[in-house]
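Chemist:
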Amino acid sequence: MRFPYGPAALSMLVLSILSGLWLAFHPAKRPQATLVMWTFAKTHYDAYKQAIPTFEAKHPGVKVDLQLVSWQAVTSRLQAAFLSDLDVPDLVEVEISAAGSFFRGPLKDVGFLDLTDRIKQSGLYDRMVKARFAPYTSRGRIFGLPHDVHPVMLAYRRDLFEKLGINPNEIQTWDDFIRIGRKITIPGQRYMLELPDSESSRFDPLLFQRDGGYFDPQGNCIMDNEIAVQTMLFYVPLVAGPNRIASDLGGGQIFTKAVEDGYFLCMIAPDWRSKTIEVDVPKMRGKMALMPLPAVYPGGRRTSTWGGTMIGITKHCKKPDLAWELALHLYLNKEDLAQRFRDTNILPALKEAWNHPAYNEPRPYWSNQPLGKLYAELAPHVPFQYTSPFIATAKAKMSEALVSCVQYYKTYGDKGFEAFVRKRLKQSADEVRRLMRRNPY
Amino acid sequence: MSTRQPDIVITTPPVARTSRWFVLQYRMAPYLFVSPFLILFLTFGAYPILKSLLLSFYATNGPKSAVFVGLQNFTFLLSDPDFHTAVWNTAVFAFWSVFLQLPLSLGLALLLNSVWVKGREILRLAFFSPNLLGQVFVGVLFSVLFIPQYGLVNRFLHAIVGIPLDTKWLANPNLVMPALVLTSLWMYVGFNMIYFLAALQAVDKDLYEAAIVDGANAWHQFWAVTLPGIKPVAVFVLVMSTIGSFQLFELPWIMLNNSSGPDQAGLTIVMYLYQTGFVTGDLGYASAVGWTLALGVLVISLLQMRVTGAWKGGTD
Amino acid sequence: MRLLYRILRLLVNLFLLAFAVLTLTPMVWLVAATLKSPDDLFHYTFFAPRLSTYNFRDLFSTVPFHRYMINSIFVATTMVVIQLFFSSLAGFALAQYDFRGKKPIMILMLSTMMLPGQVMMAPLYELLYRLHLVDSYAGLIVPGAVSVFGIFLFRQSILQVTDELLHAARIDGCSEFRIYWDIVMPVSRPMIGAFCLISFMGTWNSFLWPQIILHNTDRFTLPIALNQLVGLYQQQYGTLMAGTFLSVLPVIILFMLLQKEFIAGLTAGAVKG
């Protein structure tokens, strides 16, 4: 019998067989490892790749399979894995605003192992920065070990500051900052600060700086309280209207070019981002420096927090004790942490680790400032943030509110702005509360 | 659709050879030939459709557990502001797809069909080519073309109409929809044009000659001959592109970096279904959204066929 | 009058040419972007004076891109072959035979064609979960193994085959399957070519279903792999563009080979229908 479908279909058939054969000889990896761990950050992935061999050497026969999963996909993939019982990893690193969504439903249905007793008994609760347990706690139970503190500073173009005659020591409060910012901003060409007007990733740190937040410790939605209103009234005129001093363009190569061009002079920079800046804008070596965040009022808090990661052990894990040891190995080993700090600039949540000399080393990129010491000094002041299964929704709703407020301010200016902000924030918060009431589980 | 339908069902082959096996294989042939289709279709098509109708009355936590909630999924859905946003965005997108894209496609097809045009084949290929790229790939490409300050779109539009270089198409809620419409214009104008062009080429040339004899000018010819001639295709394209628009998902999802965009400006119905249903594991809610979408699409397509007079009822 | 005519003619041609250039520009930019080093990417609008293969090297060294490519090829071509066989067989039966149940089948098919596929996604996922097909190639291929659209396409074209031809074959003692295989299919070649491309493109570009079904990155097809790449290496536009370029290349090559049949097939149903 000859093949009746013609050359096109025949070539498809041949391709199908050939690719099928190739795949048969290269089957998808079934995790052979004792422990499977997911992380979503490339920097963490590279660091753990170095730390895992010593763990494996300590435990003969144990094999750890570390996988890098994209930041956008990790939540949905983990959720799907929990729901279908397929490919559930043993340990996962979860991003701070995603963590809450896994604490939905009765405690016994949470996919993560309750680590409260292990953390309290090992004394870790006091040895790590307390504020950092809050985002991973639900109904008093702790489901994750904090990876970091992520204090926030302000990164700035030191060379341009000098050229323009700005003395960073004169900037103590946001009022100082805005006054100087208005002088040097040239619309469309140069801005004082990098801040987006379309999403709330940098609104959050400014909200936390004022002790605001999304949820209170009992899990009630507080994203429309007075602090949030005041933060919004402060934020929007920075990025919109005639007196704006902030703008943003985007990440990666656009960011590189914008910093090189001096499109904005300052960036909100938690420790992890100081590394991103080093990597993305290598040409600015020696021209950048860090200063504490301006305070809301004189003598007020000079920092905040942005981002974060926890490590959790899933209930699916067959060897929770071994997994716990791996978590401790990755998060507590002082020498490893010091090396990791050199590689990633990330200050670990373990307080006693900070007295290692690595944190005092001057950094040529940052005009020889001792980067670790600067962040560590601010770390004890990092504000608390509480979570809820609805944290991701709440953050999305805050972004929406921010965008609406920016639109309003662009159109109407100050007229009726405060009333609008109050109304709009309440609307967002009410939508979150409505969703919370619906939850059938 | 044209058909030949003899009234009697023939059970013996119209041939001299009538061995038992030959008769049997003749009689059984059509059943055998449709059975693989039918089995797969009933399992993976008809069953899920019916099941989803049932599932839409349950709240579920993944495939493992379900709680009967009656009409609660639908009542919550219909009063959810996010769903309203999704419907609104999708409808706006569909509106532009129909009223911007189709006239443009038809215009291009008319020009391309004129006797003056040189290199028709090449042009047709050029116009059609963007459709070869899937929505995901187009999404990745255009998310880069639309970046502020250094992106191609901004440089081009800055040069010709002077829009600000730092226009943030995908971060400004007012510009997300225009960006999506522009992108889909790029993707689909040529695709729909192919249909119009084929229809135009199939219009009987004698009719034009008769119209010219009657003294009709080009405008009259278009209304009296061209439009009636391409009407069946036009209705087909209209219905298909409306249905397609209502299923919009990949393009905004990729362009907006796996999100619904600033102020949900890029939230579509299918995206809403995916986010509320699959990401949280509420398959029941996903089914409810799916059926709401299906009913909406059905009503709109039937309306379109009614209004254009293409629906006469019956299937064959 | 003649002059006016000429000017008009020139204008129409110029307009169409400009429109074609505008349409092709993003693709030219894409090709240019893949060949620029990261430093040059935003410095030159299109091609840089110094071409670089950096993006392609970076792409293959950061992710197993060849594996995604092979996954996509396997899933798409297997789907085409299976769909082709089942759809043409059913299309043949519906075009050339009269049998009990034909009308209900036609009505069933037509009515599901109007339903958006998202309706059945949730229960289909549940079904595949129970069949243990979640996170497998089969989970992608089996639910889409028959294409209702394909059946209509083939039915339309097989209706053109004359009865005399089939009669003659039966007198020669051909079995019905033989008729399908040796007579009907060879004369339906143009439609097969069109169907191959349409079906290939459909699977190749499909995103939502693979995104729901696949868990293991080793099984990812190009659209979801590329989406994951956007998340992991967001900042590396050149690398992303290289991935995009390689992902669309197979479809473009296939189209070049099959374009005549494709356009005929695409419009056949609509114009005749």
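Chains as they are written, first to last, in our numbering: chain A, 72 to 512; chain B, 724 to 1039; chain C, 995 to 1267. All residues carry an ideal CB built from backbone N, CA and C; glycine is no exception.
In whole angstroms, what separates the C-alpha of Val1002/B from that of Pro98/A?
Modeler: Each residue's Cα considered, the two are about 28 Å apart.
Chemist: Which chain B residues are close to Ile1246/C, counting only those with a beta carbon under 7 Å from its beta carbon?
Modeler: Those are Leu855, listed as they occur along chain B.
Chemist: For Gln1090/C, which of helix, strand or coil comes out of DSSP?
Modeler: Gln1090/C falls in the helix class under three-state DSSP.
Chemist: Quick one: what's Leu162/A bridged to in DSSP?
Modeler: According to DSSP, which records beta bridges pairwise, Leu162/A is partnered with Met108/A and Ile384/A.
Chemist: Rounded to whole angstroms, what's the CA-CA distance from Arg372/A to Ala340/A? Just pull it up for me.
Modeler: Roughly 16 Å between the two C-alpha positions.
Chemist: What is the DSSP secondary structure of Gln440/A, counted as helix, strand or coil?
Modeler: Here Gln440/A sits in strand by DSSP.
Chemist: Between Val821/B, Leu1018/B and Ala789/B, which has its C-alpha nearest Asn915/B's C-alpha?
Modeler: Of the listed residues, the one whose Cα sits closest to Asn915/B is Val821/B.
Chemist: Roughly how far, in whole angstroms, is the beta-carbon of Leu846/B from the beta-carbon of Leu835/B, given that I think they are within contact range, below 8 Å?
Modeler: About 6 Å; that satisfies the 8 Å criterion.
Chemist: Taking the straight line between their C-alpha atoms, what separation do you get for Leu998/C and Val840/B?
Modeler: Cα to Cα, Leu998/C sits roughly 16 Å from Val840/B.
Chemist: For the alpha helix (DSSP H) that contains Met199/A, what are its first and last residues?
Modeler: Taken as a continuous stretch (DSSP letters only), Met199/A belongs to no alpha helix (DSSP H), as it is neither H nor E.
Chemist: Once DSSP output is grouped into helix, strand and coil, what is the label at Ile298/A?
Modeler: Reduced to three states, the DSSP call for Ile298/A is helix.
Chemist: Which residues in the same chain have their Cβ closer than 6 Å to the Cβ of Phe1040/C, if we skip the five residues on either side of it in sequence?
Modeler: Once the five neighbours on either side are set aside, the close Cβ partners of Phe1040/C are Ala1026.
Chemist: Going straight from the alpha carbon of Phe1009/C to that of Leu920/B, what length do you get?
Modeler: Their Cα atoms are separated by approximately 17 Å.
Chemist: Could you compute how far the alpha carbon of Leu1122/C sits from the alpha carbon of Met1108/C?
Modeler: Straight-line Cα distance between these residues: approximately 23 Å.
Chemist: In chain B, which residues lie less than 9 Å from Glu331/A when you measure between Cβ atoms?
Modeler: Ordered by position in chain B, no residue passes the 9 Å Cβ test against Glu331/A, which lies about 12 Å from the chain.
Chemist: Looking at the C-beta of Arg261/A, does it have a partner C-beta in chain B at a distance below 7 Å?
Modeler: It does not: the Cβ of Arg261/A has no partner Cβ on chain B nearer than 7 Å.
Chemist: Show which residues of chain A have a CB atom less than 7 Å away from the CB atom of Leu1252/C.
Modeler: Those are Ala79, listed as they occur along chain A.
Chemist: Do Leu157/A and His1037/C have their C-beta atoms closer together than 7 Å?
Modeler: Not in contact: Leu157/A and His1037/C (Cβ atoms no closer than 7 Å).
Chemist: Taking the alpha carbon of Gly1259/C as the point to measure from, which residue in Ser1141/C, Leu1147/C and Phe1171/C has its own alpha carbon closest?
Modeler: Comparing Cα positions, the closest option is Leu1147/C.
Chemist: May I ask you to report which of helix, strand or coil DSSP gives Pro69/A?
Modeler: With chain A covering 72 to 512 only, the question about residue 69/A has no answer from this structure.
Chemist: On the premise that Ile1177/C lies in contact with Leu1160/C, defined as a C-beta separation below 8 Å, what is that separation, rounded to the nearest angstrom?
Modeler: 7 Å between Cβ atoms; contact.
Chemist: I want to see whether chain C comes within less than 7 Å of Gly91/A, judged by CB atoms only; does it?
Modeler: Chain C, which has a Cβ nearer than 7 Å to the Cβ of Gly91/A, makes this yes.
Chemist: Can you find a C-beta in chain C that's less than 7 Å from the C-beta of Lys774/B?
Modeler: Answer yes: the Cβ-Cβ gap between Lys774/B and chain C drops below 7 Å somewhere.
Chemist: Residues in its own chain within less than 8 Å of Tyr1048/C by CB, not counting five upstream and five downstream?
Modeler: Closer than 8 Å at the Cβ level, and outside the excluded window around Tyr1048/C, lie Ser1031, Pro1032 and Gly1232.
Chemist: Provide the residue span of the alpha helix (DSSP H) that contains Tyr262/A, from first to last.
Modeler: Unbroken run through Tyr262/A is the beta strand (DSSP E), Tyr262 to Glu265; no alpha helix (DSSP H).
Chemist: Which value, in whole angstroms, describes the spacing of the CA atoms of Pro441/A and Ala360/A?
Modeler: So the alpha carbons of these two residues sit roughly 10 Å apart.
Chemist: Considering only their Cβ atoms, is the gap separating Arg1044/C from Val77/A smaller than 7 Å?
Modeler: A small correction: the amino acid at residue 77/A is Gly; Val does not occupy that position in the sequence shown. Not in contact: Gly77/A and Arg1044/C (Cβ atoms no closer than 7 Å).
Chemist: Determine the chain A residues that contact Phe799/B at a beta-carbon separation under 8 Å, and present them in chain order.
Modeler: What Phe799/B touches in chain A: Arg509.
Chemist: Determine which residues of the region 1209 to 1234 of chain C have a Cβ less than 9 Å from any Cβ of chain B, and write them out in chain order.
Modeler: Answer in chain order: Leu1216, Pro1217, Ile1218, Leu1220, Asn1221, Leu1223, Val1224, Gly1225, Gln1228, Tyr1231 and Leu1234.
Chemist: Could you tell me whether any Cβ in chain A is nearer than 7 Å to the Cβ of Ile1135/C?
Modeler: Taking Cβ atoms only, chain A never reaches closer than 7 Å to Ile1135/C, which makes this a no.
Chemist: What does the alpha-carbon distance come out to for the pair Arg1000/C and Gly842/B?
Modeler: For Arg1000/C and Gly842/B, the distance between alpha carbons rounds to 17 Å.
Chemist: 7 Å is my cut-off, CB to CB: does Thr1017/C come that close to chain B?
Modeler: Interface residue, yes.
Chemist: Using a cut-off of 9 Å between C-beta atoms, extract the partners of Lys954/B located in chain C.
Modeler: Those do not exist, as Lys954/B stays about 12 Å from chain C at its closest Cβ, beyond 9 Å.
Chemist: Starting from the beta carbon of Ser269/A, find every residue of chain B whose beta carbon is closer than 9 Å, and list them in chain order.
Modeler: By Cβ distance, chain B contributes Lys891, Leu893, Ala894, Asn895, Pro896, Gly984, Pro985 and Asp986.
Chemist: Residues of the region 1106 to 1130 of chain C in Cβ contact with chain A at a cutoff of 7 Å, in chain order, please.
Modeler: Residues Tyr1123, Val1128 and Asp1129.
Chemist: With 8 Å as the limit, tell me which residues of the region 960 to 978 of chain B have their beta carbon closer than that to any beta carbon of chain A; keep them in chain order.
Modeler: Cβ contacts with chain A: none found.
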